[in-house]
Structures are given as C-alpha cells and as structure tokens.
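As you go down the protein sequences, you meet chains A and B in turn.
My numbering applies: residue 124 is where the first sequence begins, and numbers increase by one.
My numbering applies: residue 124 is where the second sequence begins, and numbers increase by one.
Beta carbons are placed, not taken as given, at the ideal position from N, Cα and C, and that holds for glycine.
One structure is given below, encoded as structure tokens.
2 protein chains.
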Amino acid sequence: MAPSAIPTQDVDLTAANIQVKEATQPTKPSSNGTTPAPLDASKLIYNLTKDPRPVPGEEVANASDQTICTDHMLTATWSASEGWGAPEIKPYGPLSLMPTASVLHYATECFEGLKAYRGYDGKLRVFRPDCNCARMHMSAGRISLPLFEPAELEKLIIALLGVDGPRWLPKNEPGRYLYIRPTLIGTQSQLGVQAPREALLYIIVTYMPRLDSPPGGMRLHTSPEDMVRAWVGGFGYAKVGANYGPSLAATSEARTRGYHQILWLYGKDGECTEAGASNFFVVWKRRDGKTELITAPLDDKLILDGVTRRSILELARERLSDELEVTERKYTIDEVIEADAEGRLVESFAAGTAYFVCPVSAIHHRGKDINIPMGPEGTPNVITSKIKTWVGDIMYGNVDHPWGVVIPERE
Amino acid sequence: MAPSAIPTQDVDLTAANIQVKEATQPTKPSSNGTTPAPLDASKLIYNLTKDPRPVPGEEVANASDQTICTDHMLTATWSASEGWGAPEIKPYGPLSLMPTASVLHYATECFEGLKAYRGYDGKLRVFRPDCNCARMHMSAGRISLPLFEPAELEKLIIALLGVDGPRWLPKNEPGRYLYIRPTLIGTQSQLGVQAPREALLYIIVTYMPRLDSPPGGMRLHTSPEDMVRAWVGGFGYAKVGANYGPSLAATSEARTRGYHQILWLYGKDGECTEAGASNFFVVWKRRDGKTELITAPLDDKLILDGVTRRSILELARERLSDELEVTERKYTIDEVIEADAEGRLVESFAAGTAYFVCPVSAIHHRGKDINIPMGPEGTPNVITSKIKTWVGDIMYGNVDHPWGVVIPERE
Numbered sequence: 124m125a126p127s128a129i130p131t132q133d134v135d136l137t138a139a140n141i142q143v144k145e146a147t148q149p150t151k152p153s154s155n156g157t158t159p160a161p162l163d164a165s166k167l168i169y170n171l172t173k174d175p176r177p178v179p180g181e182e183v184a185n186a187s188d189q190t191i192c193t194d195h196m197l198t199a200t201w202s203a204s205e206g207w208g209a210p211e212i213k214p215y216g217p218l219s220l221m222p223t224a225s226v227l228h229y230a231t232e233c234f235e236g237l238k239a240y241r242g243y244d245g246k247l248r249v250f251r252p253d254c255n256c257a258r259m260h261m262s263a264g265r266i267s268l269p270l271f272e273p274a275e276l277e278k279l280i281i282a283l284l285g286v287d288g289p290r291w292l293p294k295n296e297p298g299r300y301l302y303i304r305p306t307l308i309g310t311q312s313q314l315g316v317q318a319p320r321e322a323l324l325y326i327i328v329t330y331m332p333r334l335d336s337p338p339g340g341m342r343l344h345t346s347p348e349d350m351v352r353a354w355v356g357g358f359g360y361a362k363v364g365a366n367y368g369p370s371l372a373a374t375s376e377a378r379t380r381g382y383h384q385i386l387w388l389y390g391k392d393g394e395c396t397e398a399g400a401s402n403f404f405v406v407w408k409r410r411d412g413k414t415e416l417i418t419a420p421l422d423d424k425l426i427l428d429g430v431t432r433r434s435i436l437e438l439a440r441e442r443l444s445d446e447l448e449v450t451e452r453k454y455t456i457d458e459v460i461e462a463d464a465e466g467r468l469v470e471s472f473a474a475g476t477a478y479f480v481c482p483v484s485a486i487h488h489r490g491k492d493i494n495i496p497m498g499p500e501g502t503p504n505v506i507t508s509k510i511k512t513w514v515g516d517i518m519y520g521n522v523d524h525p526w527g528v529v530i531p532e533r534e
Numbered sequence: 124m125a126p127s128a129i130p131t132q133d134v135d136l137t138a139a140n141i142q143v144k145e146a147t148q149p150t151k152p153s154s155n156g157t158t159p160a161p162l163d164a165s166k167l168i169y170n171l172t173k174d175p176r177p178v179p180g181e182e183v184a185n186a187s188d189q190t191i192c193t194d195h196m197l198t199a200t201w202s203a204s205e206g207w208g209a210p211e212i213k214p215y216g217p218l219s220l221m222p223t224a225s226v227l228h229y230a231t232e233c234f235e236g237l238k239a240y241r242g243y244d245g246k247l248r249v250f251r252p253d254c255n256c257a258r259m260h261m262s263a264g265r266i267s268l269p270l271f272e273p274a275e276l277e278k279l280i281i282a283l284l285g286v287d288g289p290r291w292l293p294k295n296e297p298g299r300y301l302y303i304r305p306t307l308i309g310t311q312s313q314l315g316v317q318a319p320r321e322a323l324l325y326i327i328v329t330y331m332p333r334l335d336s337p338p339g340g341m342r343l344h345t346s347p348e349d350m351v352r353a354w355v356g357g358f359g360y361a362k363v364g365a366n367y368g369p370s371l372a373a374t375s376e377a378r379t380r381g382y383h384q385i386l387w388l389y390g391k392d393g394e395c396t397e398a399g400a401s402n403f404f405v406v407w408k409r410r411d412g413k414t415e416l417i418t419a420p421l422d423d424k425l426i427l428d429g430v431t432r433r434s435i436l437e438l439a440r441e442r443l444s445d446e447l448e449v450t451e452r453k454y455t456i457d458e459v460i461e462a463d464a465e466g467r468l469v470e471s472f473a474a475g476t477a478y479f480v481c482p483v484s485a486i487h488h489r490g491k492d493i494n495i496p497m498g499p500e501g502t503p504n505v506i507t508s509k510i511k512t513w514v515g516d517i518m519y520g521n522v523d524h525p526w527g528v529v530i531p532e533r534e
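In structure tokens, the structure reads:
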C-alpha cells in the first residue's frame with residue numbers, strides 16, 4: 124500500500140495525540156447539540172456553616188488516625204450533557220456515591236496537593252498554584268475525566284482558603300500551614316468500562332500536624348527487583364490514584380523493616396526515579412571534580428513533574444551555578460553506589476509538597492547500605508539547607524517573590 | 124561482604140514474597156494484641172426491603188445510562204483493629220464516604236465480575252464462583268486491602284443471589300442473567316499515602332440488558348504505539364481499578380473511529396495481550412499445517428487470569444485435541460498479520476464474563492486491516508461456536524457439570 128493510501132487516522136492513535144486533542148478541547152460538544160458549561164469560578168455559591176468546629180491543636184491532630192478537615196469544602200458537579208454546575212462552598216461532610224460509581228471500580232480519579240502557608244508577615248500564601256492547576260488539568264485528561272480552565276480551579280482554591288484560612292491558620296501563628304487537596308472523581312452510576320459521563324470536583328483543606336523530616340533523615344529501601352511503579356507508555360507523570368494504591372504493598376513492607384519510603388528503580392539498570400511519592404535528588408562530586416545536583420528527567424514521563432522539584436531546579440540554576448551543575452538525566456543506583464564507594468557522595472534529599480525538602484541519610488539496596496552525609500546532629504546538609512531555606516522563605520513571605528501568591532481573606 | 128553476612132531481609136523484598144506473606148496471613152495480628160475477626164458468612168444479617176422496586180424490562184435497561192441494581196446489596200465493614208464486622212444484606216442504596224476516603228485518592232479498590240444464570244431447567248446458577256473469590260483475594264492483597272477466606276465470600280454471593288434471584292430472574296424466563304459485582308474499597312478517612320486501616324466489602328447485583336456480540340463481530344484497534352496497559356512487574360494480572368481508568372482514553376478514541384475495543388500490545392515486538400478488558404484468542408493454521416488455538420500466557424503476570432479464559436482452555440484441551448493444539452505462549456501482531464497474508468487465519472474471539480465469547484471480525488493495526496473469517500451472516504465461526512455452546516450449556520444447566528453451582532433460592 125502506498126503511504127498516501129494510509130488513512131490519516133492510522134498514524135494518529137498515539138497517547139501524545141490523544142493528549143493534545145483532550146487539551147485543546149476543554150468542553151466537548153454534547154450529543155444534544157448544546158455546549159456544556161465550562162467551570163466558572165464567578166458562579167461560586169457560598170453556603171457557610173453556622174456551626175464551626177474547634178480548631179484542634181497539634182497534639183490532637185497527631186494522635187488521630189483520621190485526617191482532620193476544616194469547616195468547609197468546595198464542590199462542583201459535571202455531566203457530559205450539561206457541563207459544569209455552579210461551584211459551591213459548603214460545610215464539610217460526607218459524599219454520597221452510588222455503589223456503582225465509576226471511581227469505586229475503575230479508579231477514575233485524580234488529585235493535587237498544595238499547601239497554604241501563614242507567613243511571618245501575617246499574610247496567607249499558596250505556592251505556585253498555577254502549576255498544580257495545570258497539572259490537574261493534564262491528569263484529568265489522562266484519566267478520562269472532564270477538563271476545565273486551570274485558572275478557574277485556582278480561583279476556587281483561593282476562594283475556599285479565603286473562607287477557612289483566617290480561623291484555621293491564625294495570624295498570630297506564623298509558620299503553620301494547611302494542606303489543600305483538590306480531587307476529581309468519576310461519579311456516573313455505570314459499571315460499563317467507559318469514560319464517566321458524570322463527575323465531581325471537590326476541594327478539601329486539611330489540618331496537618333507539622334510534618335518535619337524524620338529525625339536523622341529519611342531512610343530509603345530500593346524497590347523490589349520484580350516490582351515497577353511506573354513504566355514508559357504508562358501514567359507515572361500524572362497525579363492519578365492508579366499510581367498510588369499499587370505502591371502501598373512495597374511501602375508497607377519497607378516500613379516494617381525500618382525504612383521510611385521506597386526508592387523506586389526502573390529498568391534493568393536500576394534508574395533512580397522517585398522516593399515514595401516525592402522526587403529524588405542527589406548531590407555528588409563527579410569524577411571530573413565538578414559538584415552536581417542530579418535528578419531524574421521528565422522526558423520519558425515516568426515521574427511526576429513536581430512543583431517543588433521544578434522550583435528547586437530553577438533556584439539552583441539561578442543561585443548555585445558557581446558551585447555546582449544542575450542536571451536532569453537518567454542515573455542508576457549503581458552510580459550512587461560507586462559515588463559512595465569513592466567518597467564522592469555529598470548529600471541527597473527528597474522533595475515534594477507533603478514532606479517539603481527532606482534530607483535522605485541512607486539507602487538500602489540488595490544487601491548494601493549507602494550512608495549519605497548529613498549536617499551536624501541530623502540536620503540537613505549544606506546544599507539541602509540552602510534550598511530548603513530559599514523555597515521556605517518564598518512560601519512564608521520572608522522574601523517577596525511571584526511564586527508566593529497572597530490569598531485575600533474573608534474576616 | 125561474604126554472602127553469609129547479607130541479612131535475610133535483603134533477599135526477601137520482592138513482589139513474589141510480599142504476595143506469599145499476604146496470602147498466608149489472612150488476618151493480621153492487631154497492634155492492640157487482639158486477633159481481628161475473620162470474614163464470617165455465618166454471621167450474615169438479613170435486613171430486607173419492604174418496598175421492592177419494579178423489575179425493568181430489557182428496553183428500559185437498555186435505554187438507561189445508569190446501571191440498574193436489584194433490591195438488595197451486601198456490605199461488610201473491616202478495620203485493622205477489629206477485623207471484619209457481621210455481613211449484612213440490606214436495601215440497595217448510596218454509600219456515604221468521607222471526601223478523604225483512601226479509595227477516592229489512591230485507588231485502593233478491587234472487584235470481581237460474575238453472572239447468575241437462569242437455567243433452562245429453572246434453576247439459578249453461578250459459574251465457577253470459587254475462581255472469582257480466589258482472584259478477589261489475590262487482588263485485595265496486591266492493592267493493600269484486607270484479606271478474607273475466599274469460601275466465605277462465595278457463601279455471601281450465594282446468599283445475596285438467593286434473595287434477589289427469584290424476582291429478578293424469573294423461573295419462566297430461562298436464558299437471562301444478572302451480573303454480580305463484589306467490590307472492596309479502602310474507606311479510611313486519611314490522606315496519608317498508606318495502606319487503609321478501614322475498608323468496605325460490598326456486593327451488588329445488576330440487571331444487565333442481554334449483551335450479545337456486536338453484529339458482524341467485534342472490531343479491534345491495536346493500542347497506541349506509545350501507550351502500554353500493563354507491564355512486567357506491575358499489576359495487570361489483578362482486578363484492581365488502577366488497570367481500568369488509565370485505559371479509557373485509548374478506548375474512547377478507538378470508539379470514535381468505529382472500533383469496539385483496543386487490542387493491547389506489549390513490548391517492542393507487539394505481543395498480543397488483552398482485547399479491551401477481555402482475554403484474546405486466535406485460531407490459525409501453523410506453517411506445519413496443524414491448527415492451533417493460541418492465547419497469551421499468564422507467567423509474566425501481564426494479563427488477567429480470566430475464568431472464561433481458563434474454562435475455554437480446559438474444555439478445548441479436553442474436547443478438541445483431535446483437531447487442534449491449545450497453546451499459551453507469547454505471540455505478536457506481526458504473526459497475526461503474516462497468518463492473514465498467508466491465508467492461515469481461521470478465527471478469533473475475545474472471552475470474558477461481560478461479553479462472554481465474542482467473535483472478532485477485524486483488527487486494525489497501523490494502516491493495515493486484518494479481516495478474520497466469521498461464520499455465515501456474521502455468526503461466530505466453527506470453533507468459536509463450539510466453545511461458546513459448551514460453556515453456555517454449563518452456565519444454563521443444559522448439561523450437568525461441577526462448574527455450574529446451583530443457588531438455593533429464598534421464595
């Protein structure tokens with residue numbers, strides 16, 4: 124068959140092209156001819172609680188095996204025919220789902236995680252929420268959930284924080300934070316294996332105890348030789364539930380052995396990818412004598428494009444270029460072991476929203492222990508400390524920076 | 124380091140060993156020293172509806188975009204400290220879940236699908252429910268959900284069908300069926316990425332319109348070159364939600380192009396694995412002149428160990444050994460294309476609980492159309508027909524066979 128005789132569609136069915144098609148089609152035309160409504164933050168309805176709950180202290184929050192949420196949540200329903208309904212801020216409470224709901228069977232779910240920080244200047248900030256909202260849009264497309272304009276999601280997050288921020292993050296307690304979890308789930312009551320035609324977006328704000336690095340640093344165990352977290356052609360780059368549940372068995376087992384997280388290796392050479400659900404960084408001296416900050420690349424879509432990861436790379440390139448080179452490339456556990464054996468390992472850390480910038484003190488790999496230099500008395504080492512301070516200063520308003528977005532609060 | 128100095132734990136952290144550990148530990152010892160209760164069908168509580176709903180006709184069921192369920196569902200809660208609560212049969216209705224529930228974020232969910240058949244002898248049967256219950260036990264372990272004795276789950280399925288079978292599958296309408304969906308979800312209200320310490324098992328029974336093969340046979344489109352359904356070291360063999368949501372984008376796209384399902388290929392050679400969510404079979408003449416029924420193997424854990432697949436292989440080996448060889452091995456799309464070019468393609472079908480045994484008439488692969496012989500007027504071809512008849516005869520009680528388990532009905 125001559126190439127010209129190949130129908131265009133044949134060369135088109137690729138993941139990349141499906142994604143482009145999704146991304147450029149924020150509201151799919153409905154079968155009934157009407158245009159479904161886009162997500163619209165200007166339609167937001169406030170239905171505030173008359174019965175606000177007491178804000179727990181850290182001890183209470185630490186002792187609970189349930190996540191404590193603030194007084195309100197934001198919800199917006201979607202259907203294929205009508206599009207997005209008006210978003211609503213309402214009292215926090217349970218969701219009612221039919222037992223046949225798509226999300227409970229087919230993992231049609233994606234989420235984001237970001238924090239709101241009470242600054243040392245008394246202001247409330249979120250860190251680069253545009254990045255999270257753009258990523259949630261991408262994740263939604265990958266898992267066949269409805270799309271939306273990322274900027275509208277950002278407005279909704281800010282509106283919800285404006286309501287619950289003042290009471291749950293008091294101005295006189297700078298340095299505290301709340302964790303925000305935008306979530307999108309397929310709600311259609313339909314067991315057919317198909318993209319759901321009904322969905323629910325919700326945003327909850329949770330009160331987290333101050334989660335600091337484990338004393339003495341994070342200890343990692345490399346992943347089981349016969350277990351893979353994500354794979355080329357899969358969905359490791361998307362924040363979808365399907366990346367998390369299947370990883371829990373290995374993590375539980377690592378914890379019973381005294382490790383905090385799994386360092387997920389990929390491929391027969393054991394490329395270092397993610398540490399638990401965080402991005403993973405190593406600082407080492409190369410054999411040419413140059414110091415290097417290295418982390419796995421995004422190009423094969425194995426790992427999450429972390430907002431903290433991206434910010435660290437940008438700041439390090441801007442501020443540390445005199446002392447080190449910043450590299451995104453594949454590197455293997457054997458390279459880390461060699462660097463350790465040759466005394467070239469400088470430091471290592473995991474980075475993500477939940478654990479922020481967390482020094483790694485040890486990696487266990489098939490009978491070998493790699494010990495990684497820490498600062499004095501279990502503190503983060505020099506480079507890790509610098510990076511943690513720089514990012515933290517933006518989050519808590521110690522410096523003025525466009526990444527720290529100030530939230531207008533309803534008093 | 125001498126081999127003897129390697130601590131035992133180092134060689135132990137493998138997926139295979141985690142699975143063995145899970146499987147041999149049906150009730151994990153609780154941290155408070157008590158032994159959590161096992162799942163126990165003898166504790167079943169009946170709380171029957173006083174308001175049974177009308178049983179819809181096929182037209183109503185076909186027209187609805189919601190799955191229609193029977194009058195009752197069965198639920199059993201689990202917590203890490205208490206174990207399994209008493210199972211309860213109660214009126215079908217919505218579930219109440221906290222927005223922080225594990226299943227909504229981390230895809231801590233698995234399920235099964237099986238059918239109840241109203242036989243031509245008036246009896247109600249399920250087909251090899253022991254296989255489904257054993258598989259659900261395996262899936263639960265893989266996704267860090269609580270374990271149970273598979274035989275107890277089977278008793279619960281039978282009890283629920285005993286209640287709703289008589290009215291929803293009337294004795295005077297042989298040949299009809301209901302679809303049963305046992306589901307297990309992580310319900311703990313906890314955003315920490317960890318195995319849930321609370322879960323809910325539920326069983327629902329759905330009224331499905333008679334789902335027959337698409338007229339003219341099923342048309343498959345091979346998967347996007349840059350998209351992979353499951354991978355070695357992953358969880359393609361488990362019936363967990365995480366295998367389904369990520370596959371919907373490619374399936375939707377194939378449907379808009381006029382195909383019914385994706386034929387998922389694996390690896391650089393394009394091994395044929397599954398067709399949609401069904402197992403995939405080809406009958407061809409080998410170059411040595413022998414006829415062969417071929418399907419992908421289970422050993423690399425890429426595909427689901429389908430109950431229909433297994434039954435077909437067993438029956439074909441028992442009854443067709445004079446006319447063909449039954450083979451489970453890796454085979455590629457190029458082998459199928461070659462067989463087509465050389466006129467050696469005999470027939471092909473997809474097999475699973477939902478679509479039963481469904482003839483495949485066409486496969487589209489990167490600009491090439493493979494047309495597969497069907498029977499006259501779009502009916503299944505000879506081998507496909509034989510197999511379909513044999514399995515169907517067991518399901519509907521036309522023959523007496525240990526795979527057809529009769530359900531005692533409450534009249």
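Residue(s) in a DSSP beta bridge with residue i
{"i": "M341(A)", "result": "V483(A)"}
{"i": "W291(A)", "result": "According to DSSP, W291(A) bridges with nothing at all."}
{"i": "N402(B)", "result": "E397(B) and A474(B)"}
{"i": "D253(B)", "result": "Per DSSP, none; premise fails for D253(B)."}
Proximity below 8 Å, CB of residue i to CB of residue j
{"i": "A353(A)", "j": "L447(A)", "result": "no"}
{"i": "I326(B)", "j": "I281(B)", "result": "no"}
{"i": "V328(B)", "j": "C233(B)", "result": "no"}
{"i": "V469(B)", "j": "P496(B)", "result": "yes"}
{"i": "V405(B)", "j": "V459(B)", "result": "yes"}
{"i": "K238(A)", "j": "T476(A)", "result": "yes"}
{"i": "A322(B)", "j": "T310(B)", "result": "yes"}
{"i": "V483(B)", "j": "A474(B)", "result": "no"}
{"i": "Y360(B)", "j": "L427(B)", "result": "yes"}
{"i": "R248(B)", "j": "V529(B)", "result": "yes"}
{"i": "Q313(B)", "j": "T450(A)", "result": "no"}
{"i": "F250(B)", "j": "G429(B)", "result": "no"}
{"i": "Y382(B)", "j": "H487(B)", "result": "yes"}
{"i": "G242(B)", "j": "P289(B)", "result": "no"}
{"i": "L292(B)", "j": "L283(B)", "result": "no"}
Residue i versus the options, residue with shortest Cα-Cα distance
{"i": "I506(A)", "options": "T374(A), E500(A), V480(A) and Y302(A)", "result": "V480(A)"}
{"i": "G216(B)", "options": "D188(B), P177(B) and T172(B)", "result": "T172(B)"}
{"i": "N521(A)", "options": "P289(A), D411(A), K246(A) and C256(A)", "result": "K246(A)"}
{"i": "L227(B)", "options": "S202(A), K362(A) and H524(A)", "result": "K362(A)"}
{"i": "M259(B)", "options": "D244(B), P305(B) and L301(B)", "result": "P305(B)"}
{"i": "A224(A)", "options": "R410(A), R442(A) and G315(A)", "result": "G315(A)"}
{"i": "G364(B)", "options": "P289(B), D163(B), T455(B) and L307(B)", "result": "L307(B)"}
{"i": "D422(A)", "options": "T414(A), V355(A) and E534(A)", "result": "V355(A)"}
Residue i versus residue j - alpha carbon distance
{"i": "R299(A)", "j": "Y240(A)", "result": "6 Å"}
{"i": "D445(B)", "j": "W387(B)", "result": "31 Å"}
{"i": "I141(A)", "j": "A419(B)", "result": "27 Å"}
{"i": "A199(A)", "j": "I435(A)", "result": "33 Å"}
{"i": "M124(A)", "j": "S401(B)", "result": "Residue placement at M124(A) is poorly supported in this model, since its pLDDT is 32, which falls under 50; the coordinates are not used for a value here."}
{"i": "M350(A)", "j": "I385(A)", "result": "11 Å"}
{"i": "K491(A)", "j": "T137(B)", "result": "16 Å"}
{"i": "D523(B)", "j": "N366(A)", "result": "45 Å"}
Nearest-angstrom beta carbon gap, residue j and residue i [assumed within contact, 8 Å]
{"i": "S267(B)", "j": "A372(A)", "result": "5 Å"}
{"i": "L218(B)", "j": "P210(B)", "result": "Not quite, the Cβ-Cβ distance comes to about 15 Å (not below 8 Å), so this is no contact."}
{"i": "P369(A)", "j": "R265(B)", "result": "7 Å"}
{"i": "P252(B)", "j": "W207(B)", "result": "19 Å between Cβ atoms; not a contact."}
{"i": "A485(A)", "j": "L343(A)", "result": "7 Å"}
{"i": "L438(A)", "j": "V514(A)", "result": "7 Å"}
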